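Enquirer: Residue numbers (numbering that gives the first Met the number 0): 0 to 230. C-beta atoms are modelled at their ideal positions from N, C-alpha and C, and glycine is treated no differently. Because the structure is a prediction, the values reported are computed rather than measured.
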Amino acid sequence: MRLDKFLTRRGTHPCKEVSRLLQDGRVRVDGAVETRGLRRISRFSRIELDREILQAQDAVHLMLHKPAGYLSATTDPQHPTVMELIDHPLRDELHLAGRLDRASTGLLLLTNNGRWSKAVTEPLEEISKVYRVTTRDEIPPETAAIFAAGIYFAYEDLTTRPALLEIIAEREARLTIHEGRYHQVKRMFHAVGNQVLSLHRESIGPLVLDHSLPPGKFRPLTAAEVAFFGR
Ligand code: URA
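Here it is, written out as structure tokens:
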């Protein structure tokens with residue numbers, strides 16, 4: 000929204016007066032005087048008039064090291080949800096930017112910033128996600144070429160985008176995918192006659208799960224981490 004629209008909509012100053020307030024340097028955005036009515040603001044911009052706070056809502060962006068056994072949901076009648084792990088004053092405003100299956104572990108993002116979570120989950124060029132996988136059976140080397148070519152998912156009638164499989168051990172691999180279909184990793188291994196026994200998300204785009212974060216713990220993202228996906 001434009002700053003002048005925000006100020007006019009409050010109803011305390013008509014349009015002309017708003018221009019004057021701005022020209023007189025009485026309005027601050029995020030701590031700095033702003034004279035341009037055209038300035039774009041978001042619901043997380045801190046707006047002050049004569050040092051009185053008109054709007055100051057914190058944007059919250061968290062990374063959680065999801066443990067197994069928790070649902071990626073805000074509420075559930077049956078199972079514990081990841082929200083139970085989040086002891087934060089704005090917890091009730093948060094939503095998930097992406098999901099992991101109940102048994103899966105690793106990097107999960109939560110935020111109250113809808114624009115940001117959209118940038119994480121719905122970009123045109125899908126952001127890469129890296130998973131560490133252990134499997135029931137040995138992973139033959141040719142699996143890498145099969146995953147690179149794409150796996151046909153009949154239910155959605157689509158072929159998965161080229162994925163990168165790095166075999167680490169007989170039954171262990173790192174898989175990089177560029178989309179997030181339902182149970183995607185499990186279904187890809189199922190398609191080659193194997194079964195995923197454990198699945199751990201290491202990263203989403205440039206954002207890597209903090210190695211010092213034990214399972215079940217969360218921390219706020221740094222400003223640089225938030226900026227990976229815009230604000
Ligand atoms: N693919 C899966 O099958 N499960 C997950 O939790 C994430 C990706």
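1. Evaluate contact between the segment 142-161 and the segment 182-200, counting only Cβ atoms and requiring at least three cross-stretch pairs below 8 Å.
2. With 16 as the cutoff for other CB atoms within 10 Å, does residue 200 come out buried or exposed?
3. How would you write the range of the alpha helix (DSSP H) that residue 228 sits in, first residue to last?
4. Cβ of residue 231 within 6 Å of any heavy atom in the ligand URA?
5. Can you tell which of 72, 218, 89 has its C-alpha closest to the C-alpha of residue 96?
6. Taking only heavy atoms of the ligand URA into account, decide whether any of them is closer than 6 Å to the Cβ of residue 185.
7. Please indicate yes or no: does the CB of residue 78 lie closer than 6 Å to some heavy atom of the ligand URA?
8. Any heavy atom of the ligand URA closer than 6 Å to the CB of residue 106?
9. How about residue 228 and residue 118: do their beta carbons lie closer than 7 Å?
10. Are residue 99 and residue 65 close, meaning C-beta to C-beta below 7 Å?
Expert: Reading it off the structure:
1. Cβ pair count under 8 Å is three or more, so yes.
2. Here residue 200 is buried: its Cβ has 16 or more other Cβ atoms, across all protein chains shown, within 10 Å.
3. Unbroken run through residue 228: none, as it is neither H nor E.
4. In the structure as shown, the chain begins at 0 and stops at 230. Residue 231 is therefore absent and cannot be evaluated.
5. Ranking the options by Cα distance to residue 96, first place goes to 72.
6. Residue 185 Cβ: within cutoff of the ligand URA.
7. Every heavy atom of the ligand URA is 6 Å or more from the Cβ of residue 78, so no.
8. Incorrect: residue 106 has no Cβ contact closer than 6 Å to the ligand URA.
9. Closer than 7 Å, so yes.
10. Yes; because the gap between Cβ atoms is below 7 Å, this pair is in contact.
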